[in-house]
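This report refers to the structure that appears directly beneath it.
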Amino acid sequence: MNSTVYIIICIALMGLVTYIPRMLPLVLFRKKLKDGFLKSFLLYMPYGVLSAMVFPAIIYSTSSLISAIAGGITALVMAFFRRGLLTVAVSAAAAVFITERILNLL
């Protein structure tokens, strides 16, 4: 098989694989949802997926687990008090920076 044809087939299959999960909810849930559990499940799904993607990145993003935890806790506290995204990100980065500097002194 020619390599160009193989690449085109792979791209088409990848497009199909990513299209199916986007199309299925539209096809399966045309009517208004009546089940309260399913509604709440779908409501909280983006938060769960985002947490599952972000948490490992927080842990492995720094050279020290202690500074990663300090930055994560700082971000959680700032988000809990409903600060803006920029404020949360800058304060978490500052907490990591300060913690790294303190750990280097020890």
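Residue numbering for the sequence shown follows numbering that gives the first Met the number 0, beginning at 0 and increasing consecutively. Backbone N, C-alpha and C fix where the C-beta goes; we use that ideal spot for every residue, glycine too.
Item                                                                                                                                                      : Value
Do Ala78 and Val87 have their beta-carbon atoms positioned less than 8 Å apart in this structure?                                                         : yes
For the structure I just gave you, are there three or more beta carbon pairs, one from the segment 26-40 and one from the segment 62-70, closer than 8 Å? : no
Counting C-beta neighbours from all protein chains within 10 Å, is the total for Gly71 16 or more, i.e. buried, or is it exposed?                         : buried
From Leu102 to Leu75, what does the alpha carbon distance come to, in whole angstroms?                                                                    : 22 Å
If you follow the alpha helix (DSSP H) that Thr61 is in, where does it begin and where does it stop?                                                      : Unbroken run through Thr61: none, as it is neither H nor E.
So, at 6 Å on beta carbons, what are the nonlocal neighbours of Ile57 in its own chain, with the 5 sequence-adjacent residues on each side left out?      : Ala67, Gly71
Helix, strand or coil, according to DSSP, for Lys33 in the structure here?                                                                                : coil
Kindly indicate the opening and closing residues of the alpha helix (DSSP H) around Met13.                                                                : 2-27
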